[in-house]
Every structure is written in C-alpha cells, then in structure tokens.
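Visitor:
Protein chains: 2
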Amino acid sequence: MSSSQAIIGIDLGATNIKSLLMDKEGKILVSDKRPSLGNEGKEKVISQIISSIKTLQKEGVKLGISQFLGIGIGSPGPLNVEEGIIYQSPNIPGWQNVPLVRILEEKIHLPVFLENDANAAALGEWWKGAGKGFSYILLLTLGTGIGGGAIINGKVYRGARGCGMELGHMIIKEGGMICGCGARGCLEAYASATAVVKRAKALIKQGHKSYLSRFIKDANDLTCEDVFKAASKKDELALLIVEETARYLGTGIGNLLNIFNPDVVILAGGMVKAKEVLFNPVEKYTRLNCLKSCWEMVKIVPAKLGENSGAVGACATVLERKGII
Amino acid sequence: MSSSQAIIGIDLGATNIKSLLMDKEGKILVSDKRPSLGNEGKEKVISQIISSIKTLQKEGVKLGISQFLGIGIGSPGPLNVEEGIIYQSPNIPGWQNVPLVRILEEKIHLPVFLENDANAAALGEWWKGAGKGFSYILLLTLGTGIGGGAIINGKVYRGARGCGMELGHMIIKEGGMICGCGARGCLEAYASATAVVKRAKALIKQGHKSYLSRFIKDANDLTCEDVFKAASKKDELALLIVEETARYLGTGIGNLLNIFNPDVVILAGGMVKAKEVLFNPVEKYTRLNCLKSCWEMVKIVPAKLGENSGAVGACATVLERKGII
C-alpha cells in the first residue's frame, strides 16, 4: 500500500535542525525540531541529526509507515551534491569536508540525498508551494546573504559542476561596494539583510533622524527586521532604505527575467517577512529594468512554505532524485 | 538510404541571405549567398529566400538527394519561434508580424522552423563547432548589439515564453549609461561594438592622441575593427579602450558563470575577429569577477564556424526540432 511509504526531510540550519516526515503526496505526518548544537562540534551535530531521524522513524512506525523511501538533507554550502560532502559550514567549528551522506547511510541504512538549501527551497516551493504548476521557477533567498535556485521542468538546475545559481554574486554595479566574495558590486553587497543593516547604521551614525533610533538603544543592535518595521510605520529614513534596497533587488531580478524568462520568481528568506513594504517597490524597479517581453506574464511572489520550506524541500529532494516527481 | 537526406539552413541577415544544404552528419553539400534586398521591401526579401531554397534543392537533387528534411531559418528578433512569426526586422521596411514559417511552408511544402539567430548560432556551435561534446553551453554574440543563447544538454534554452537569454540587457552598472532598451547600465551599452566606437570617438574628440586618428580621415568613419586593429599595433588609446571593454565583458561573463556554471562560453560576432587582443583581458576580468568554483574548468573560446555559423545553426535547428540531434 503506497500510503504506508514516507520520506524524511532535514533542514540543517546553523541554529536548528528542522525535520519532517511526509508522505509522497506532500502531507506532513510528523515534525521535529531540535538545536543543531554547532558550538559543541561536528560529532554533536551529526548525533542530533541521527536522533531527529530516529524520532521521526519511531513516530512514523506508530502511524503505520512500513517503508521509509529515503532521507533528504538541505544544507547551506559549499557542498558537493553528487559526492554527498559538505565542504564547509561557517557556524560549526571543525565542520570541513564532512561526507555526511556516507556517514548517515552507514548509521541509518536508508538512501540519503544532499541538496544545497536554496535549491531544496526552490524544489519544495515547486512541489507544494508558490511554484506549483510552473515550468520555469527562480527562487531567491533574501537573508544574511542572497542565494538562488532554479527549477526547470521539475528538475533542479545544476550547471556543469553543481556550483551555479549564485545569484547573490551577480554584479549589478561594476566597481561598486566590496562583497564578501572579494568581487565588487555584487547584488548581495547591496540588497541582503546585512546590507540593509549596514546602510541603516551608517545613516543613523551620520545623525539622520529616524524612528529607528527610538526603539533601539544602540545602533549596533539594529536588525533588518527593525528597518522594515519602521518602514511599515512610514519612518522616512527606513522607507528610503527599503526603496534603495528594492531598487537594487529590482535590478537583479530584472536581469534574471531578461536571462531566464521564468514563469515565476519566488522570494524566500528572512527579508520576505516584510513583504507588505518590499514587494511593491521591488516590482516597480524590476519592471523598469527589464524588457517588456520578459516582464509580461511573470509573477513575483513570496515563498509559501514558510518555516517548513527547507524540510519540505529536503523531502522533495528524495522524490526528485528517485525520479518519483 | 539515409545519406540521400539533407537539410536546408538559412541565415537571414540584414544585408545577405546565406544558405546551406547539409547532410545529417553536418557535411556542407551546397552553399548559396545572395543579397537580402531589404530596401526593396518585404515581398522581395521573401522571394530572395525562396530562390535561394530552390537553388539548393536543384543542386541537391543533382547530388542525389532524394529527401529534404526541412528548412531552418535563423533570424534576428523579436520573433515567436512557436508561431513562426518575425515581429520586426529593423533593416527591412514594412517587415512587421511576418508569418514567415507559414508563407514558406505554403510555397515550398517542407516543414520550416524559425529560430532566433543567437540561439541558432549556439546550437550550430554545439553541433559542429566550439561547443561540441559539452552539456552546458553559453554563447554571446558581440556585435552592434550583444545577444545570447544557451544550449543545455543539446536543447536550446527557451524560458517560459521564448524571450530569455537577452544577455546584452543584463545590467552590470546600476544607474549607468542609457541603453537602447531604455534601461541604464546594460552590458550592451558598455561592451558592444557600438559602445567601443562611441567611447573611441569621444576620446578622440577630447583631443587624446592616438594611432587611430592617423588612419581615419574623420572620427565619424571609425569602426570597432579600427580600434581593435590599432590595439593590436599597441596604440595606447586603443589598448585602453579594449581593456575597458574587456573589463565590462568580464563582469558580464563572470555573472553568467556564477549563474549558469557552464562548461564553455563561446564568443561569436564581429568583435571576435579581434580575439588576439580581446581574449586575454576578457579572461583576466572574468576570473576576477566570479567565484573560484565557477571559474575553474570553464573554457572561454571563440566561435568556430565563422561566416557559416548562422546557416549551420539553422540546419541544426531542423534536426533539433525533429528530435534527430
């Protein structure tokens, strides 16, 4: 009976491990969340992942699941999907060249599939979220950095060596601000949450008056969410920063429409909480910066799966790799 | 007998119509070239195309060809591949919304396939040129404007509505120079042959000394080829312009490596005649502007098919659409 089959999806984050047991139709059967404990080192993180999987399996069996089809892991990169190795994880000391797929397969005796977190999110949104029914899907994750994924006809776009879709490192301002990658003028340097905070702090330190300065004690504590909240309350400085951020995002998204001509662009990640203030200006600047033929008919929408996006995407990864979806 | 089958490919240019009769293995059997006569109007151009096709058929029959599999047409856009309509042709007065596929099929009684010229060039280079054997191919045409095409696993990348790969309209300098498309800072505005000439003229008019001023009577006659020729003779001003052009091209190509992670980037079009002076700086700036993982193993190469590129690509279009390659 096919309804007794299930998939496990793991969203391996810097702070938490979020896991889901889902059936093949995309129904969530069991969920689990526990701290990653990255500061306790690599072994601890792996044992947290294994405990989470075992919990889901135990609960699944109680629900009548007789077959676990596989385990998907969505993780921040850099990583190698084919070899199942995570090269590096900035928030876990000692996490270098970890062959996570082999380690887990030896312990759990189920097929394990590794996926870049932005690709997993894109696949999850295509399977059960904002990208459902579309053939050409682009997803941007707007957070500390800017990542990207593309789903073309239901398959993750990988490129020749699995390292493309680095949409945050598209240069939109040649010779501009320096980016963490070493190049100048990357989208990420202008439009990530980090960039928003940096600009806000600089403007406040210059003495610009803002509602922002009222609800923070120290400009150092400022978050991107604070800026967007202030903008939603019509704070002028915050609105200016949002407008500028949207201009850069619109430049980057306009480029991507001209290049990929997608059906839909899905915006995901922390910054999308601010969709009420962000989406209108982003659409305005995207339209200004792209050809009419590529703008017409495209949808720019927020991700739908919210907190579960990574784990749902990890489940979808299992189904994609096994050729089930 | 399969060797008695052949394909016709037409490169519909503003000045000339270049046509080839090829066998399925890519051997050129007959070629034909005649003026497009665009200034004599739409009907004249169509009759030139038909004469060219009939010439190839006649010669083909003499060579023992018993079956013509189809006719491919590579044309500058904007056009609709699926409906077989060329919306506009800037150099042919009255050429608007011409249903070329239907017109030709009615006259010739063979299946006709329309393709954007840059896509056709990319497909041709994949079939029989610099892209042979690769899975992820990007092609940029560097000429009056900058166009692009991508071949992924042997198929033309089309996007949702066939209007993607507008690589010349990728914004690399937000807020920069105005482009013909209305946006600011497009790659085309900085790195096309038109941009090269514009910059050279401006610098000469400012009184900069250059070898260039020696071999042109009037700065208005200056061509991009002149600039590259002067650069190859170590003219300082010309070298500066080439370096700057390469910097912008390297920014754009670096972006495309970060996004697509291709196996190979093929540079085609008039500017590639200057490959001796252009390729080294383009590679240097591309490497500077892209992530190490996306730079490693990629090849940046000139197109191989030269003058025949468009017509070979048009032949390949027939084979691609019929699922033969």
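Read top to bottom, the protein sequences are chains F and X.
Numbering-wise (the working numbering), the first sequence opens with residue 1 and increments by one.
Numbering-wise (the working numbering), the second sequence opens with residue 1001 and increments by one.
All C-beta atoms in this analysis are idealised placements derived from N, C-alpha and C, irrespective of residue type, glycine included.
For clarity, every value in this text was computed on a predicted model and none was experimentally measured.
(1) Alpha carbon to alpha carbon, how far is His109/F from Phe68/F? Give it in angstroms, no decimals.
(2) Between Val1312/X and Glu115/F, what straight-line distance do the alpha-carbon atoms span, to the nearest angstrom?
(3) Out of curiosity, what's the CA-to-CA distance linking Glu244/F and Leu237/F?
(4) With a cut-off of 8 Å, do at least 3 Cβ pairs link the region 1001-1021 of chain X to the region 22-33 of chain F?
(5) Tell me whether the region 258-278 of chain F and the region 202-215 of chain F touch, counting them as touching only if at least three CB pairs, one residue from each stretch, are closer than 8 Å.
(6) How would you label Thr15/F, buried or exposed, when you count the other beta carbons within 10 angstroms and need 16 or more for buried?
(7) Should Asp218/F go down as buried or exposed, given a rule of 16 or more other Cβ atoms within 10 Å for buried?
(8) CB Gly72/F to CB Arg287/F, shorter than 9 Å?
(9) Assuming Gly1310/X is part of the alpha helix (DSSP H), what are its boundary residues?
(10) Could you tell me the distance, in whole angstroms, from the CA atom of Glu1225/X to the CA atom of Asp226/F?
(11) Compare the C-beta of Val298/F with all C-beta atoms of chain X and state if any pair is closer than 9 Å.
(12) At a CB distance below 7 Å, what residues from the region 1112-1135 of chain X approach chain F? Give them in sequence order.
(13) Mind pulling the chain X residues with CB within less than 8 Å of Ile171/F?
(14) Just to check my reading of the structure: Ser192/F and Thr144/F have Cβ atoms closer than 8 Å, yes? What is that Cβ distance to the nearest angstrom?
(15) How would you write the range of the beta strand (DSSP E) that Arg34/F sits in, first residue to last?
(16) Can you name the residues that DSSP bridges to Cys1290/X?
(17) To the nearest angstrom, how far is it from the Cα of Leu79/F to the Cα of Gln1057/X?
(18) Alpha carbons only, please: which of Ala150/F, Val98/F, Ile171/F, Trp95/F is nearest the one belonging to Ala120/F?
(19) Tell me the rounded alpha-carbon separation between Cys163/F and Asn1258/X.
(20) Entirely within the region 1251-1293 of chain X and at least 4 residues each: give me those alpha helix (DSSP H) ranges in chain order.
(21) Does the beta carbon of Ile241/F sit closer than 9 Å to a beta carbon anywhere in chain X?
(22) Closer than 7 Å, Cβ to Cβ, to anything on chain X: give me those residues from the region 218-232 of chain F, in chain order.
(23) Could you give the distance in angstroms between the alpha-carbon of Gly60/F and the alpha-carbon of Ser31/F?
(24) How is Ser47/F classed by DSSP in three states: helix, strand or coil?
(25) Which same chain residues, not among the five before or five after Trp1095/X, have their C-beta less than 8 Å away from its C-beta?
(26) Hey, Ile1172/X and Gly1185/X are a contact pair by Cβ (cut 8 Å); roughly how many whole angstroms apart?
(27) So Asn280/F and Gly254/F are in contact, right, with Cβ under 8 Å, and what is the actual spacing, rounded?
(28) With a threshold of 9 Å between beta carbons, is Glu1166/X in contact with chain F?
(29) Start and end of the beta strand (DSSP E) containing Asn16/F?
(30) Over what stretch of residues does the beta strand (DSSP E) that includes Glu1040/X continue unbroken?
(31) Pick from Glu1125/X, Leu1100/X, Glu1188/X: whose alpha carbon is nearest that of Tyr1248/X?
(32) Taking DSSP as the reference, what is the three-state secondary structure of Met1001/X?
(33) If we cut at 9 Å on Cβ distances, does Ala1183/X have a partner in chain F?
(34) From Val1112/X to Gly1070/X, what distance separates their C-alpha atoms?
(35) Return the first residue and the last residue of the alpha helix (DSSP H) that Leu123/F is part of.
(36) Can Leu1239/X be considered in contact with the ligand ZN, in the sense that its beta carbon sits closer than 8 Å to one or more heavy atoms?
Guide: Answer, in terms of the structure:
(1) For the purposes of this step, residue 68/F is taken as the residue at position 68 of the first sequence. For the purposes of this step, residue 109/F is taken as the residue at position 109 of the first sequence. Looking at the two C-alpha atoms, the distance is approximately 10 Å.
(2) The count along the second sequence starts at 1 and reaches residue 1312/X at position 312. The count along the first sequence starts at 1 and reaches residue 115/F at position 115. Spanning the two alpha carbons is a distance of roughly 39 Å.
(3) Position 244 of the first sequence holds residue 244/F. Position 237 of the first sequence holds residue 237/F. Rounded to the nearest angstrom, the two C-alpha atoms are 11 Å apart.
(4) no
(5) no
(6) To locate residue 15/F, count along the first sequence from 1; it is residue 15. Label assigned to Thr15/F: exposed.
(7) Stepping through the first sequence from its first residue, residue 218/F is reached at position 218. Per the 10 Å Cβ criterion, exposed.
(8) Mapped onto the first sequence, residue 72/F falls at position 72. Mapped onto the first sequence, residue 287/F falls at position 287. Their beta carbons are not under 9 Å apart, which means Gly72/F does not touch Arg287/F by this criterion.
(9) For this step, residue 1310/X is matched to residue 310 along the second sequence. Looking at the DSSP string, the run of the alpha helix (DSSP H) that includes Gly1310/X is 1309-1321.
(10) Residue numbering aside, residue 1225/X sits at position 225 when the second sequence is read from its first letter. Residue numbering aside, residue 226/F sits at position 226 when the first sequence is read from its first letter. When rounded, the distance between both Cα atoms is 54 Å.
(11) For the purposes of this step, residue 298/F is taken as residue 298 along the first sequence, with counting starting at 1. At least one chain X Cβ lies under 9 Å of Val298/F.
(12) Ser1135
(13) By 1-based counting over the first sequence, the position of residue 171/F is 171. Chain X residues near Ile171/F: Ile1172, Thr1251, Gly1254, Asn1255, Asn1289.
(14) Along the first sequence, read from residue 1 onward, the residue named residue 192/F stands at position 192. Along the first sequence, read from residue 1 onward, the residue named residue 144/F stands at position 144. About 6 Å; that satisfies the 8 Å criterion.
(15) Counting from 1 along the first sequence, the entry for residue 34/F is found at position 34. Segment 28-35, the beta strand (DSSP E) holding Arg34/F.
(16) Position 290 of the second sequence, counted from the first residue, corresponds to residue 1290/X. None, per the DSSP bridge assignment.
(17) As a first step, residue 79/F is located in the first sequence; it is residue number 79 there, counting from the start. As a first step, residue 1057/X is located in the second sequence; it is residue number 57 there, counting from the start. Cα to Cα, the separation comes out at about 54 Å.
(18) Against the first sequence, residue 120/F aligns to sequence position 120. Among Ala150/F, Val98/F, Ile171/F, Trp95/F, the Cα nearest to that of Ala120/F is on Ala150/F.
(19) Sequence index remark: in the first sequence, residue 163/F carries index 163 (1-based). Sequence index remark: in the second sequence, residue 1258/X carries index 258 (1-based). So the two alpha carbons sit approximately 8 Å from each other.
(20) 1275-1289
(21) In the first sequence, counting from the first residue as 1, residue 241/F sits at position 241. No - not a single Cβ of chain X is within 9 Å of the one on Ile241/F.
(22) none
(23) Counting from one through the first sequence, the residue named residue 60/F turns up at place 60. Counting from one through the first sequence, the residue named residue 31/F turns up at place 31. Spanning the two alpha carbons is a distance of roughly 10 Å.
(24) Position 47 of the first sequence, counted from the first residue, corresponds to residue 47/F. Helix.
(25) Within the second sequence, residue 1095/X is the residue found at index 95, counting from 1. Cβ within range, chain order: Gly1038, Lys1042, Val1045, Ile1086, Gln1088, Ser1089.
(26) As a first step, residue 1172/X must be located in the second sequence, where it is residue number 172. As a first step, residue 1185/X must be located in the second sequence, where it is residue number 185. With 8 Å as the limit, Ile1172/X and Gly1185/X qualify as a contact, their Cβ atoms being about 6 Å apart.
(27) Against the first sequence, residue 280/F aligns to sequence position 280. Against the first sequence, residue 254/F aligns to sequence position 254. With 8 Å as the limit, Asn280/F and Gly254/F do not qualify as a contact, their Cβ atoms being about 15 Å apart.
(28) Working through the second sequence from its first residue, we reach residue 1166/X at position 166. At least one chain F Cβ lies under 9 Å of Glu1166/X.
(29) On the first sequence, residue 16/F is found 16 positions in, with the first residue counted as 1. Per DSSP, Asn16/F belongs to the beta strand (DSSP E) from 16-22.
(30) What you label residue 1040/X is simply residue 40 of the second sequence in a count that begins at 1. Segment: none, Glu1040/X is in no beta strand (DSSP E) and carries neither H nor E.
(31) The residue you call residue 1248/X lines up with position 248 of the second sequence. Ranking Glu1125/X, Leu1100/X, Glu1188/X by Cα distance to Tyr1248/X puts Glu1188/X first.
(32) Counting from 1 along the second sequence, the entry for residue 1001/X is found at position 1. Because Met1001/X sits at a pLDDT of 45, beneath the cut-off of 50, its placement in the model cannot be relied upon, and the point is left open.
(33) The residue given as residue 1183/X occupies position 183 in the second sequence. Closer than 9 Å: yes.
(34) Taking the first residue of the second sequence as position 1, residue 1112/X is located at position 112. Taking the first residue of the second sequence as position 1, residue 1070/X is located at position 70. One C-alpha to the other measures close to 6 Å.
(35) What you label residue 123/F is simply residue 123 of the first sequence in a count that begins at 1. Counting along the chain, the alpha helix (DSSP H) containing Leu123/F begins and ends at 117-128.
(36) By its list of ligands, the structure shown contains no ligand whatsoever, and the ligand ZN lies outside what it can speak to.
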